[in-house]
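Q: Protein sequence lines, in the order shown, are assigned to chains A and B. Under the working numbering, think of the first position of the first sequence as 1, with each following residue one higher. Under the working numbering, think of the first position of the second sequence as 1001, with each following residue one higher. Positions of the beta carbon are idealized from the N, C-alpha and C atoms, including for glycine.
Number of protein chains: 2
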Amino acid sequence: MQKYRVGIVGAGGMVGQEMIRMLEKSSIPVSELRLLATERSAGRRVTFRGEEWTIEPTNPERFSGLDLAFFSAGRGPSRELAPEAVKRGVLVIDNSSAWRMDPGVPLVVPEVNGEVLTGKEKLIANPNCSTIQMVLVLKPLHDAARIKRVVVTTFQAVSGSGYQAVMELEDQVRAYVEGREMEKKFYPHRIAFNVLPHIDKFDETGYTAEEWKMVRETQKIMGDENIKVTATTVRVPVFRGHSETINIETEKKLTPGEAREILARSPGVVVVDDPSQDLYPMPIIAAGREETFVGRIREDFTLPNGLNLWVVADNLLKGAAGNAVQIAEYLVERGLL
Amino acid sequence: MQKYRVGIVGAGGMVGQEMIRMLEKSSIPVSELRLLATERSAGRRVTFRGEEWTIEPTNPERFSGLDLAFFSAGRGPSRELAPEAVKRGVLVIDNSSAWRMDPGVPLVVPEVNGEVLTGKEKLIANPNCSTIQMVLVLKPLHDAARIKRVVVTTFQAVSGSGYQAVMELEDQVRAYVEGREMEKKFYPHRIAFNVLPHIDKFDETGYTAEEWKMVRETQKIMGDENIKVTATTVRVPVFRGHSETINIETEKKLTPGEAREILARSPGVVVVDDPSQDLYPMPIIAAGREETFVGRIREDFTLPNGLNLWVVADNLLKGAAGNAVQIAEYLVERGLL
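Now the structure itself:
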């Protein structure tokens, strides 16, 4: 059995840490693990399948000899360093937004469009977390009834912004309980007991980059530029688990019951939809799980063919690390790596 | 100058307490204040414009002699007791959902449809909190461009559910900081660091009563049954201030700039919309204010005539107590009471 030499760039971050754990649980045989991060994390030891590996400072030379590298170090480092890895013959699976819309780079959610992978890729992009959980639910409905338009609102957890944001919510809540002033450092406004309609940068249209990601990445992953998406993305004081209200208009009529059946047999999707028993997806049930949860599936009575959906997933697992590792598994299992 | 004998039913609750404060600040001359509540709150003293009044147990006999009574005691007590007050010649302004959809009862947001009031009413209904802030923003846009369809998602604060819910979030957050288990009593699931797509009861359509309120009350207040509304209402771990993403399709084209201008001159509405300076409405800026805040006004590029909006208001002030007191002020100022 072939074993792989695997690098993780950004191994000290929240997503990097989850990647190590997801890779450990995966079916991918690993002969060597190279953990690369900033100087701050260098020297930390990580146990992986019983062996110990040490986090090293990121250095392009250390890409040499790798078969595969997961990048989760942000847009800037990916722009700069992914080509260095590719040049050294390493397949890069990149979690940042740096390469996602590059026409030569596949943007992949394995359950949705794994078939675009040929084994000839040098660089594969992992989509934005809030997009992944949305397309997992939209694709099977699109195949059944063709989706024409999507109106999505997100409720995104602070872990989507990394450690500092998690600590900020933690610190603010502690200050509140202890009767101290809640200070802000990371976000432009307080996040505890508040919501911020602001994720990533604003552009001249008034939309944020996060909102545009949900539009453009959805069209690319679903392979259909005709799907219209309009998004409002909002940060909420939740540690883990992104939630979304998704309103769709379809060409063909789908009843809620039909949608439920289609989604119940869709890979990676779990239907939790029994409101009479107070059962619906929530961050507290999705946290720590790799599946995407959908519920509150109901007819939109304002359209001839419309549905409302409520979708929740762990933004670090399926949303980021999990999907990236799944891409690698998909390649390994099909002999494409 | 005529002075009024005013009753407040449910004076011990969160909205009741806000009503006392809002009435105090209002232009309504009050000669007598009768504060009625459950036995639990009875005996509590309340200072109002320098005079002291004592909360008494609710008893229909105590409605006699009042000119006006604000009811904020929930649907059941309103159903039972409002007719008792009306029978005794008292004008009732009711904050519950008990009478809102009754065809003989006006449902009023003064800035939006105050003109329906004739002075002959015996009972006037105060709309649902999440509806009030939405119609305040929709009405001027509807007048300018006719709204055909609305897709709304809410982010609702726990104070909308009353004291017990506020204490529940408070207790759970304290437990988290102190490393204890977060217990739930009031909501069916934990609310701290979580979101619940569940406000009020579910019916057989899969929608909640709160969602239907946003549909039906909007049509009634706007006086147009052709406005289509579909809603998803969600509870978030915020103490005070409801937020809403509102997607609208209009008959006539409105640019974001035109919408901003229209809203800037609309009564009760404040435009906060300068994302480049991190300025947008949030619960922390709306809390304690009587206005409704709107921002993130932008074109919905998926429609020929569409806009996305973000609307935030203090659910206890404009949302409940403030609007009820404003209805009374409207009547008094026009000599209709």
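(1) Residues of the region 30-63 of chain A with a CB closer than 8 Å to any CB of chain B: list them in chain order, please.
(2) Pairing CB atoms from the region 1091-1109 of chain B with CB atoms from the region 1063-1073 of chain B, are three or more of them under 8 Å?
(3) Are the beta-carbon atoms belonging to T1302(B) and W310(A) less than 8 Å from one another?
(4) Is there a Cβ from chain B that is less than 8 Å from the Cβ of I147(A)?
(5) Does the Cβ-Cβ distance between F293(A) and V234(A) come in under 8 Å?
(6) Hey, could you find the ends of the alpha helix (DSSP H) S1266(B) is sitting in?
(7) Nearest chain A C-beta to F1293(B) closer than 8 Å, yes or no?
(8) DSSP has P1057(B) in a bridge; who is on the other side?
(9) For G1114(B), which residues of its own chain have a beta-carbon under 7 Å away from its beta-carbon, when the five flanking residues on both sides are left out?
(10) Over what stretch of residues does the alpha helix (DSSP H) that includes G76(A) continue unbroken?
(11) Is there contact between the region 1139-1159 of chain B and the region 1260-1274 of chain B, where contact requires at least three CB pairs shorter than 8 Å?
(12) Cβ of F239(A) less than 8 Å from any chain B Cβ?
(13) Mind checking who D94(A) pairs with in its DSSP beta bridge?
(14) Indicate, with yes or no, if the ligand PLP has a heavy atom lying under 7 Å from the CB of V46(A).
(15) Which runs of the beta strand (DSSP E) fall wholly inside the region 1198-1247 of chain B and span at least 3 residues, in chain order?
(16) Please state whether the Cβ-Cβ distance between L33(A) and V9(A) is less than 8 Å.
(17) Should N226(A) go down as buried or exposed, given a rule of 16 or more other Cβ atoms within 10 Å for buried?
(18) Give a yes or no on whether 8 Å exceeds the smallest Cβ distance from F202(A) to chain B.
(19) Is there a Cβ from chain A that is less than 8 Å from the Cβ of S1161(B)?
(20) Verify whether the separation of the beta carbon atoms of V238(A) and A157(A) is less than 8 Å.
(21) Could you work out which residue in N1126(B), L1081(B), G1043(B) and M1101(B) is closest to L1317(B) when comparing CA atoms only?
(22) For the beta strand (DSSP E) that contains E1299(B), what are its first and last residues?
(23) Would you tell me roughly how many angstroms separate the C-alpha atoms of V1112(B) and V1312(B), rounded to the nearest one?
(24) If you measure from the beta carbon of F1186(B) to each beta carbon in chain A, is any gap under 8 Å?
(25) If we define contact as Cβ-Cβ less than 8 Å, is G10(A) a contact residue for chain B?
(26) Could you have a look at Q2(A) and say whether DSSP puts it in helix, strand or coil?
(27) CA-CA distance, K1253(B) and A1145(B)?
(28) Shortest alpha-carbon distance to V1135(B) belongs to which of E1299(B), E1291(B) and D1300(B)?
A: A quick look at the data gives this:
(1) Contact residues of the region 30-63 of chain A toward chain B are absent (C-beta to C-beta distance below 8 Å).
(2) Yes, they touch.
(3) The residue labelled residue 1302(B) in the question sits at position 302 within the second sequence. The residue labelled residue 310(A) in the question sits at position 310 within the first sequence. No, Cβ-Cβ distance for T1302(B) and W310(A) is not below 8 Å.
(4) Along the first sequence, read from residue 1 onward, the residue named residue 147(A) stands at position 147. Not closer than 8 Å to any Cβ of chain B, the Cβ of I147(A) fails to qualify, so no.
(5) Walking along the first sequence from the start, residue 293(A) turns up at place 293. Walking along the first sequence from the start, residue 234(A) turns up at place 234. If you check the CB distance, F293(A) and V234(A) do not come in under 8 Å.
(6) Mapped onto the second sequence, residue 1266(B) falls at position 266. First-last for S1266(B): undefined, no H or E at that position.
(7) Residue numbering aside, residue 1293(B) sits at position 293 when the second sequence is read from its first letter. Answer no: the Cβ-Cβ gap between F1293(B) and chain A never drops below 8 Å.
(8) Within the second sequence, the letter at position 57 stands for residue 1057(B). Beta-bridge partners assigned by DSSP to P1057(B): A1037(B).
(9) The residue labelled residue 1114(B) in the question sits at position 114 within the second sequence. For G1114(B), where only same-chain residues beyond five positions count, the Cβ hits under 7 Å are V1108 and Y1330.
(10) Taking the first sequence and counting its residues from 1, the one referred to as residue 76(A) is at position 76. Here the alpha helix (DSSP H) through G76(A) covers R75 to K87.
(11) Short answer: they touch.
(12) Mapped onto the first sequence, residue 239(A) falls at position 239. Yes, contact with chain B.
(13) Counted from its first residue, the first sequence places residue 94(A) at position 94. Partner(s): F71(A) and A125(A).
(14) By its list of ligands, the structure shown contains no ligand whatsoever, and the ligand PLP lies outside what it can speak to.
(15) 1228-1235, all fully within the region 1198-1247 of chain B.
(16) Looking up residue 33(A) in the first sequence gives position 33. Looking up residue 9(A) in the first sequence gives position 9. Taking a C-beta distance under 8 Å as the contact criterion, L33(A) and V9(A) do not qualify as a contact pair.
(17) As a working mapping, residue 226(A) is identified with position 226 in the first sequence. Its Cβ having fewer than 16 others within 10 Å, N226(A) is exposed.
(18) The sequence position of residue 202(A) within the first sequence is 202, counting from 1. At least one chain B Cβ lies under 8 Å of F202(A).
(19) Counting from 1 along the second sequence, the entry for residue 1161(B) is found at position 161. No, S1161(B) does not count as interfacial toward chain A.
(20) The residue labelled residue 238(A) in the question sits at position 238 within the first sequence. The residue labelled residue 157(A) in the question sits at position 157 within the first sequence. Contact flag set, yes.
(21) Your numbering for residue 1317(B) matches position 317 in the second sequence. Among N1126(B), L1081(B), G1043(B) and M1101(B), the Cα nearest to that of L1317(B) is on N1126(B).
(22) Translated into positions along the second sequence, residue 1299(B) becomes position 299. Unbroken beta strand (DSSP E) run through E1299(B): T1292 to E1299.
(23) If you number the second sequence from 1, residue 1112(B) lands on position 112. If you number the second sequence from 1, residue 1312(B) lands on position 312. Computed Cα separation, rounded: 17 Å.
(24) The residue labelled residue 1186(B) in the question sits at position 186 within the second sequence. By this cut-off, F1186(B) is not an interface position.
(25) Indexing the first sequence from 1 puts residue 10(A) at position 10. No, G10(A) lies away from the interface with chain B (no Cβ there is under 8 Å from its Cβ).
(26) Within the first sequence, numbered from 1, the residue matching residue 2(A) stands at position 2. Here Q2(A) sits in coil by DSSP.
(27) Here residue 1253(B) corresponds to residue number 253 of the second sequence, with the count starting at 1. Here residue 1145(B) corresponds to residue number 145 of the second sequence, with the count starting at 1. One alpha carbon belongs to K1253(B), the other to A1145(B), and they sit about 7 Å apart.
(28) As a working note, residue 1135(B) is residue 135 in the second sequence. Cα-wise, what sits closest to V1135(B) is E1291(B).
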